[in-house]
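According to the UniProt record's numbering, the sequence shown is numbered sequentially starting from 1. A short write-up of the structure that comes next.
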Amino acid sequence: MSSLKFFSLGSNGLVGEVPSDIGYSLPNLQVLTMQNNNLEGLIPSSLENASNLQVLDLSNNSLNGRVPSLGSLVKLRQVLLGWNLLEAYDWQFLASLTNCVNLTKLSLEGNMLNGSLPGSIGNLSTSLENLWLGSNQISGSIPVEIGNLVSLTALSMENNLLSGVIPRTMGKLRNLFILNLSKNKLSGQIPSSIGNIKLLGKLFLDDNELSGNIPSCLGMCLGMVQLNLSSNNLDGFLPKELFTGPSLPLGLDLSHNNLTGEIPEDIGQLINIVLLNFSNNLFSGVIPSALGQLSALSSLRMEVNKLQGPIPASFQVLHFVQYINLSRNELNGTVPEFFENLTMLEILDLSYNNLEGPIPTGGFFRNSTAVILDGNKGLCSRSSKLGLPICDGTSERKSKNHVLFLLIVIPLVAITSFLLLWFLVFLWKKRVLEFPQWKDVLRLCFIAQPKRIEVAELKRTELQTLPRNCDTETLKKVSYSDILRATNCFSSVHTISSTRTGSVYVGRFKYDKGLVAVKVFNLSEPAAYESYFIECEVLRSMRHRNLMRPVTLCSTVDTGNHDFKALIFKFMVNGSLERWLHCEYYSGMPERVLSLGQRICIAADVAAALDYIHNHVSPPLVHCDLKPSNILLDDDMSARLADFGSAKFLFPGLIIPKSLVEVGGTIGYMAPEYGMGSEITTGGDVYSFGVLLLEMLTGKQPTDDLFVDDLNLHNFTDSMFPDKLSEIIDPYMMREESQKGTEVWMQSYIIPLLALGLSCSMESPKDRPGMRDVCAKISAIKEGFLKSHAELSSLTGLVTDP
């Protein structure tokens, strides 16, 4: 076949190596494509003999080693070697490519290329149109010689370790349409010379360390369709030129910066924009009514700013919007009724503002899960579905009857409450309250609100101990005999786990088809009563998808007339995180393995749960015993934080524990300051989360035999960070993932996660971040992973057309 010119084997299931003599056997090759296979080994140097080769595509394989010199192939037009395991060493191959004067496309993204880019990159063909170097380990600064590649239309260097400033010579790339420098460590200001690139269409500078103002000259790039400057240190006002020049139809993302001032009315000129994200800045003033002119908008995010005033009436023309987040601002007024008519709207988050008055009940508001209104104390609803106070009438009627309410209703309620309280005390003394459930509810009220007892609401309080979304069947009363039959008289075969304060059993009630987990408290232990009541209070007042909540409870007496207390939960079919991370200890072999993606999602779920109990409930709650065995996994592998028996509410004047027993917790996960008699704080949970994150990624328990003397999981990881991490990460973690992305994921996800785990597990509490920031960072990592994983999956189905 020595006369063969076109040889295409892409998108098959080929394994093994590329034949080392292929260049000698097929000397007349013009096109060689073997992309999207499982090839490994080296790229054969014999290809230099195929002097007529124009297209070489070996992308999406597992080829390793260095890229050979291809300088003798002067007719090369496309070199596509992306998504392999190739290394750069001294970048000599790049210098050899300067002989390929017809080269138009060079793709090396998704490899293990490291070191600094040589200045010789500027000597590549002036015909080069596409240069893809993203998702490698390239460090150092961007060479100023890059400006010599004047024919470039796409330059991609994202997901590397580039540092220093963006060279002003970028402005010489007048034909550039895509410039992607995101997810690096670039600093300094955005060079104004970028405004000289009139044809620039997509500019991605997000996730760097850029500072200074947004240059107004970006408004001179009239053809720009997408701009992302998020997650930097940019400050100052928004330049009006940004809205009067480019149309930005694909989106504008300026989130997570320090931008100030008002959002200009000129924003209304972006009439075709579909995504607008101004969240997590310092914007103030009112929301411009001109936003109503953005008729194509599908996503609007302005949360975590200082915006004031009412929601503009102009929003009613946003018929295609699907997501609106205006939370954590200072907005006031009522929730506009026109939201009912936005038929495309899927999520509306107006939480933590100063909104007041009745909530609309029609249209979109019928879906209570899609409307988030927490933190608006003045809101009320005509329906109980949104979990808000019921409106007694219109706001106008309330205003008219305000004096009547003060003069008549309040004294009447006070007198009635006093009489009911006296009557209840009388019944208590007469031992009329025969059911232990009522005693538990009373004690629960005294624990939760020691200065306020609403006796008339006792029955309602008992029901509030249960989830709001439970159906009628789930809320059936459970007796002691029901639990006996469900657990086969608490058989050891049904036992899931046991602790000092109680045991958990798996069972099935005769009237229910699904399995349940029954947590029975060992009331012979003094701490068991406290554990039971704190779990009741936690589960009564908490509402979050990543918290484990019971479906009902049982508080009665057993056959020996002893107090019996149990909580009944939905059975988590995938068990605890502990059994997934260390299944070899339970079954003898690692038959169940969590992939990197699953671990990221689980970490994000746990972080969301901790952020909720630390920052979104009052008073804040500290779990005090965060560890893998207290994280349960549902059938879709979503994580739920469980076991609040050691939890503590941070009431004002909380007494400092006298011993570690009073703190609760588990050795290895417990914050070191607790051993020195420090008070309980949310920082203790942050420390435990840091240890958990390190354990999830390394596969090593904090009590591993390896850790002796002063060595612990934190120090061990820190000593290998970041250059030797491949030696300590859990080898089973990557087994379920594509090996060709291992190094990419190491830089983009594993290193950032381990860095976050190290910062959370710092010995001093003041050196640890808060859970709000931790949750935001992990959510961003999760979003990036899912996006890149989806893109990589789609790439494997592409066939390059020579």
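Ideal placement from N, C-alpha and C gives every residue a C-beta, glycine not left out. Note that the structure is predicted; figures quoted are calculated from it, not measured.
Taking C-beta atoms as the reference points, Leu128 and Ser151 count as a pair closer than 7 Å.
Taken in chain order, the unbroken stretches of alpha helix (DSSP H) that lie wholly in the segment 12-86 and span 4 residues or more are 22-25. Under the rule that a run must span 4 or more residues, the alpha helix (DSSP H) segments found entirely inside the segment 193-247 read 241-244. Sixteen is the threshold: since fewer than 16 other Cβ atoms of the shown chains lie within 10 Å of the Cβ of His562, the residue is exposed. In chain order, Phe243 and Thr244 place their CB closer than 7 Å to the CB of Gln269, counting only its own chain and leaving out the 5 sequence neighbours on each side.
If you compare the alpha carbons of Gly134, Pro246 and Asn305 with that of Glu262, the shortest gap goes to Asn305. DSSP places Thr682 inside the alpha helix (DSSP H), whose first and last residues are Thr682 to Thr698. Put simply, the backbone Cα of Glu337 is about 54 Å away from that of Pro526.
Taking C-beta atoms as the reference points, Asn281 and Leu259 count as a pair closer than 7 Å.
Counting the other Cβ atoms within 10 Å of the Cβ of Val413 gives fewer than 16, which makes it exposed. Listed in chain order, the alpha helix (DSSP H) elements of length 4 or more contained wholly in the segment 521-586 are 526-541 and 577-581. Its Cα nearest to that of Gly10, the residue Thr33 stands out among Val18, Thr33 and Pro27. The alpha carbon of Gly115 has as its nearest neighbour, out of Lys172, Gln92 and Leu131, the alpha carbon of Gln92. Scanning its chain for C-beta atoms nearer than 8 Å, with the 5 sequence neighbours on each side dropped, one finds around Asn130 the residues Thr104, Lys105, Leu106, Ser107, Leu152, Thr153 and Ala154, in chain order. Separation of Ser96 and Ser72 (C-alpha to C-alpha, rounded to the nearest whole angstrom) is 8 Å.
Distance between Lys724 and Thr717, taken at the CA atoms: about 9 Å. When Cβ pairs closer than 8 Å are counted between the two stretches, the segment 548-565 is seen not to touch the segment 613-629, the count staying below three. Within the model, the alpha-carbon separation for Gly683 versus Val774 is close to 12 Å.
Sorting Phe521, Asn196, Asp266 and Trp580 by C-alpha distance to the C-alpha of Leu238 places Asp266 at the top. Taking the C-beta atoms as reference points, Ser381 is found nearer than 7 Å to Ile359. When C-beta atoms of the segment 309-316 are compared with those of the segment 284-294, three or more pairs fall below 8 Å, so the two segments count as touching. Leaving aside the five residues that flank Ser351 on each side, the residues in its chain whose CB is nearer than 8 Å to its CB run, in chain order, Ser327, Arg328, Ile372, Leu373, Asp374, Gly375 and Asn376. Assignment of Phe7 by DSSP, reduced to helix, strand and coil, places it in the strand class.
Sequence-distant partners of Gly514 (beyond 5 residues in either direction) whose C-beta falls short of 8 Å from its own C-beta, in its chain, are Arg508, Lys570 and Phe571. Under the DSSP assignment, Ile190 falls outside any alpha helix (DSSP H); it carries neither an H nor an E label.
Under the DSSP assignment, Pro358 falls in the beta strand (DSSP E) whose first and last residues are Asn354 to Ile359.
Within the DSSP secondary-structure output, Val504 pairs in a beta bridge with Ser497 and Lys519.
Look at the beta carbons and you see the segment 179-190 touching the segment 200-213: at least three pairs across the two are nearer than 8 Å. CA-CA distance, Ile496 to Ala517, rounds to 8 Å. Non-local C-beta neighbours of Ser230 in its own chain, meaning closer than 8 Å and more than five positions away in sequence, comprise Asp206, Asp207, Asp253, Leu254, Ser255, His256, Asn257 and Asn277, ordered along the chain.
Shortest Cα-Cα distance from Ser193 to any of Ser726, Cys536, Gly82 and Arg168 involves Arg168. When Cβ pairs closer than 8 Å are counted between the two stretches, the segment 634-651 is seen not to touch the segment 702-722, the count staying below three. Annotated as proximal: Ala608 and Asn546, with beta-carbon spacing under 7 Å. For a cut-off of 8 Å, the C-beta gap from Arg772 to Ser759 is around 14 Å, too long to register as a contact.
Distance from the CA atom of Asp558 to the CA atom of Tyr480, rounded to whole angstroms, is 7 Å.
Per DSSP, reduced to three states, the secondary structure at Val317 is helical.
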